[in-house]
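In my numbering, the protein residues as written are 45 to 401.
These notes concern the structure reproduced below.
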Amino acid sequence: MGKRIAILLFIPLLILLVLFGLLEMWIAGYKAVDAKRGDELREQARVAVEKRKARAGDAGQNGALGLPQGLASLPKKPTAADFQAYARELPKLEAALRKPELLFTGDPDPVFLRGLQGSLLAYAATLPPSKALPCDLLALDLSLKVQAQGSSTNLMVGVSMQRDAHKALFELLRAGKLSRSDLKTLAQSLEKLRPDPKTFVARMDEDYLAFWTYTDGQVGANGFSQQILILVPGFVARERRLYQNLYLRDRDSMEKDFKLTGAPTELQKMNDADHAFVVALNYPAYPKIRLQYARALTEFSALRALTSLELTGKMPPDAHDYLAEDGKLVYTRAGKSYTLKSGYQGTDIDAASLKFR
Numbered sequence: 045m046g047k048r049i050a051i052l053l054f055i056p057l058l059i060l061l062v063l064f065g066l067l068e069m070w071i072a073g074y075k076a077v078d079a080k081r082g083d084e085l086r087e088q089a090r091v092a093v094e095k096r097k098a099r100a101g102d103a104g105q106n107g108a109l110g111l112p113q114g115l116a117s118l119p120k121k122p123t124a125a126d127f128q129a130y131a132r133e134l135p136k137l138e139a140a141l142r143k144p145e146l147l148f149t150g151d152p153d154p155v156f157l158r159g160l161q162g163s164l165l166a167y168a169a170t171l172p173p174s175k176a177l178p179c180d181l182l183a184l185d186l187s188l189k190v191q192a193q194g195s196s197t198n199l200m201v202g203v204s205m206q207r208d209a210h211k212a213l214f215e216l217l218r219a220g221k222l223s224r225s226d227l228k229t230l231a232q233s234l235e236k237l238r239p240d241p242k243t244f245v246a247r248m249d250e251d252y253l254a255f256w257t258y259t260d261g262q263v264g265a266n267g268f269s270q271q272i273l274i275l276v277p278g279f280v281a282r283e284r285r286l287y288q289n290l291y292l293r294d295r296d297s298m299e300k301d302f303k304l305t306g307a308p309t310e311l312q313k314m315n316d317a318d319h320a321f322v323v324a325l326n327y328p329a330y331p332k333i334r335l336q337y338a339r340a341l342t343e344f345s346a347l348r349a350l351t352s353l354e355l356t357g358k359m360p361p362d363a364h365d366y367l368a369e370d371g372k373l374v375y376t377r378a379g380k381s382y383t384l385k386s387g388y389q390g391t392d393i394d395a396a397s398l399k400f401r
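Encoded structure:
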């Protein structure tokens with residue numbers, strides 16, 4: 045009798061051991077494409093983040109420590125007195141952005157940053173064009189500095205702010221009331237502020253590092269089956285390999301031609317086919333993010349092009365459309381009016397926002 049009980053107990057245990065062995069084989073079966081390079085890029089991102097954090101405490105270099113909190117909250121219906129009070133405090137913001145860097149130890153508060161820029165643009169809208177121009181350029185400078193750190197989420201905050209600044213500058217150009225001196229100032233400022241597409245790759249690097257850091261601790265995945273799998277030795281390592289392979293592919297594509305492969309549904313398919321639970325929940329939607337970033341880069345290029353057309357009647361030779369396959373901005377001229385268009389897959393995207401006058 046005792047022997048029978050022992051056999052009955054042994055069979056379920058054997059089945060569990062076989063299942064566990066098969067699970068371990070499945071986990072080990074997914075290989076890293078280039079583990080060495082993945083490790084190198086992760087370490088590179090870690091060092092960059094640590095250096096930025098170390099510099100963030102330097103009040104002489106870091107303008108973020110002097111950002112005026114009070115300038116982020118103009119009333120919904122500001123009065124003349126509100127704008128006068130704002131003007132008195134504005135030099136503090138100008139001084140902060142004159143510092144070499146604008147650094148945060150973590151992702152900055154997007155509500156504060158949007159409020160800071162929104163109040164600045166609202167104030168600029170009350171000024172004559174020549175006086176509004178420096179404020180709108182200050183708003184653009186702020187948006188670009190926000191993009192220089194943190195995750196792709198933080199990049200998108202900066203891109204949204206950048207496009208708001210673009211809108212204000214396009215309106216100044218359309219109005220046709222900027223003097224030749226103003227146009228020269230605008231052209232020179234845009235040359236100094238030109239964004240670098242590699243900024244997007246740097247934010248991808250920090251996303252990659254953040255995923256590794258996230259999976260170092262307790263992974264709070266949803267669902268009982270996912271929680272059980274995460275406790276299985278090697279499961280998180282497999283998820284990391286999945287993320288790394290996707291990341292290296294996307295990063296290589298971005299570095300070479302600013303394009304990404306893979307349809308938006310790819311992560312869902314991966315979840316279904318490979319059971320990439322943690323990756324499917326955390327891998328950023330890079331194709332969509334890239335499109336938004338490319339849009340901002342193209343608008344910036346359009347600002348340079350329109351300014352050059354107004355000053356010289358010619359397009360700058362390095363004007364680039366990051367949305368179109370051929371990389372070319374297209375404009376037509378009718379008298380004193382210019383129309384500038386950007387295309388994506390043969391379709392105009394919000395061409396009205398790129399119209400001059």
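C-beta: ideal position from N, C-alpha, C; glycine also.
Self-check item: Beta carbon of T243 nearer than 8 angstroms to that of R284
Solution: no
Exercise. Please determine if the segment 75-85 and the segment 94-114 are in contact, where contact requires at least 3 C-beta pairs separated by less than 8 angstroms.
Key: no
Quiz item: Which residue or residues does DSSP assign as beta-bridge partners of N106?
Solution: BP columns for N106 point to E145.
Practice problem: Report buried or exposed for L384, applying the criterion of at least 16 other Cβ atoms within 10 angstroms of its Cβ. | Solution: buried
Quiz item: Does the distance from the CB of Y287 to the CB of F255 come in under 8 angstroms?
Solution: yes
Self-check item: Buried versus exposed call for Q191 [16 or more other C-beta atoms within 10 Å across all chains shown]
Solution: buried
Quiz item: So, A363 versus L373, is the Cβ gap smaller than 8 angstroms?
Solution: yes
Quiz item: So what's G371 in DSSP terms, helix, strand or just coil?
Solution: For G371, the three-state secondary structure derived from DSSP is coil.
Quiz item: Taking Cβ to Cβ, would you say L182 is nearer than 8 angstroms to L141?
Solution: It is a contact, given that the beta carbons lie within the stated cut-off.
Quiz item: Which residues in the same chain have their Cβ closer than 7 angstroms to the Cβ of R207, if we skip the five residues on either side of it in sequence?
Solution: A340, E343
Exercise. Taking R99 and L165 to be in contact with their CB atoms under 8 angstroms, please state how far apart those CB atoms are, rounded to whole angstroms.
Key: Your pair R99 and L165 does not check out as a contact, with CB atoms roughly 29 angstroms apart and the cut at 8 angstroms.
Self-check item: Rounded separation between F156 and R293 - CA only
Solution: Using only the alpha carbons, I get a separation of about 35 angstroms.
Quiz item: So, helix, strand or coil for G114, using DSSP?
Solution: Here G114 sits in helix by DSSP.
Quiz item: Where T351 and A231 are concerned, what is the direct C-alpha to C-alpha distance, given to the nearest angstrom?
Solution: 6 angstroms
Quiz item: Taking T356 as the reference, which of H210, L227, D78, R238 has the closest Cα?
Solution: L227
Quiz item: Which class does V323 belong to by DSSP, given the choice of helix, strand or coil?
Solution: helix
Quiz item: Alpha carbon to alpha carbon, what distance is there between A349 and P172?
Solution: 23 angstroms
Quiz item: Near G194, which residues of its chain fall below 8 angstroms by C-beta distance, leaving aside the five closest residues on each side in sequence?
Solution: F148, G150, D151, P152, R247, E250
Quiz item: Over what stretch of residues does the alpha helix (DSSP H) that includes H210 continue unbroken?
Solution: 196-219
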